[in-house]
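To start, the structure itself, in structure tokens.
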Amino acid sequence: MTYQIDPRKQLRAIEARLAQPGDDAKTVRNLRKMLEHMRAEALGDFETLMATVSPDAAYMSFSSGPDAPDSPRSKEAIARYYGGMVAANCHQIEHAIDRLVADRDHVTAEGPLRIAYPGQVLRAMGHAVGDDAPYYLFEARLLIVWGFDEHSLVRCEDSYIAGDGFAGIAARALSQQDIFTPVAGQW
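Sequential numbering of the sequence shown, starting at 2, is according to this note's numbering.
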């Protein structure tokens with residue numbers, strides 16, 4: 002089945018990189034931690050997700066700015082950010098990575114981003130969407146620079162979004178059947 006949102010796409014990109022020989026042990030550990038982080042996010046597994054985050058982590062959305070909710074600047078703020086994301090069911094995300102660069106300290110991932118935003122969340126944000134669909138499709142291009150500490154924990158997700166993914170969102174209704182919903186251990 003073809004899904005409008007399929008979080009397995011980002012996992013496949015990382016798995017493909019891991020299948021290539023040549024990366025040193027630290028880079029491989031970082032990529033594996035990134036996979037663990039992405040799986041936990043897709044599952045809404047808050048505890049596992051936060052276990053992948055460095056105590057000294059700080060995220061930055063260069064599209065939104067340093068004071069925006071999607072720029073949490075401490076591990077506690079990141080926990081609130083992810084907790085809110087999971088509670089609002091905004092963690093159904095596809096990042097179809099088409100460019101991936103990795104070294105001992107960073108992984109840069111770029112590609113189309115698709116997020117299933119619940120209608121009630123969009124209405125609370127001030128977007129005029131109907132009550133006829135449970136979700137609406139956010140679409141933009143995303144580049145994230147992931148940074149890792151000496152233990153391969155995520156210390157940053159510095160992101161850049163190209164385009165306004167909310168423009169025209171009311172015309173992009175989704176149902177749950179349009180979204181691949183992972184189950185732990187079954188990807």
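Glycine is no exception: its CB is placed at the ideal position from the N, C-alpha and C atoms. Bear in mind that the values here come from a model prediction, so they are computed numbers and not experimental data.
Check                                                                                                                                                                 : Outcome
Roughly how many angstroms separate the alpha carbons of A129 and Q177, rounded to a whole number?                                                                    : 20 angstroms
Restricting to Cα atoms, I'd like to know which of P119, G164, Q11, M2 is closest to A41.                                                                             : Q11
Decide if the segment 37 to 53 is in contact with the segment 113 to 125; the criterion is three or more beta carbon pairs, one per stretch, under 8 angstroms apart. : no
Taking the runs of the beta strand (DSSP E) that are 3 residues or longer, which of them lie wholly in the segment 56 to 140?                                         : 94 to 96, 100 to 103, 107 to 119
Return the CA-CA distance between D99 and L143, expressed in angstroms with no decimal places.                                                                        : 10 angstroms
Go to A14, then tell me how far its alpha helix (DSSP H) extends in each direction, as first and last residue.                                                        : 9 to 19
Does DSSP put E42 in a helix, a strand or coil?                                                                                                                       : helix
Starting from A163 and walking both ways along the beta strand (DSSP E), at which residues does that stretch end?                                                     : 155 to 163
Can the beta-carbon of D24 be found less than 9 angstroms from the beta-carbon of L32?                                                                                : yes
Which partner residues does G148 have in the DSSP bridge list?                                                                                                        : H107, C157
State the DSSP-derived secondary structure class of R33, mapped to helix, strand or coil.                                                                             : helix
Buried or exposed: where does D165 fall if 16 or more other Cβ atoms within 10 Å of its Cβ makes it buried?                                                           : exposed
Would you say G85 and C91 are within 9 angstroms of each other, going by their C-beta atoms?                                                                          : yes
Between the segment 130 to 150 and the segment 102 to 116, do at least 3 Cβ pairs fall closer than 8 angstroms?                                                       : yes
Does DSSP put Q187 in a helix, in a strand, or in coil?                                                                                                               : strand
Locate the alpha helix (DSSP H) running through T49, then write down its first and last residues.                                                                     : 47 to 52
So, V146 versus S55, is the Cβ gap smaller than 9 angstroms?                                                                                                          : no
Could you say which of G186, E158, I6 lies nearest to E111 if we only look at CA atoms?                                                                               : E158
In whole angstroms, what is the alpha-carbon distance linking E95 and A43?                                                                                            : 9 angstroms
Cα-Cα, which of P73, Y136, A59 is closest to E171?                                                                                                                    : Per the sequence shown, the amino acid found at residue 171 is Ala instead of Glu. Of the candidates P73, Y136, A59, the one whose C-alpha sits nearest the C-alpha of A171 is Y136.
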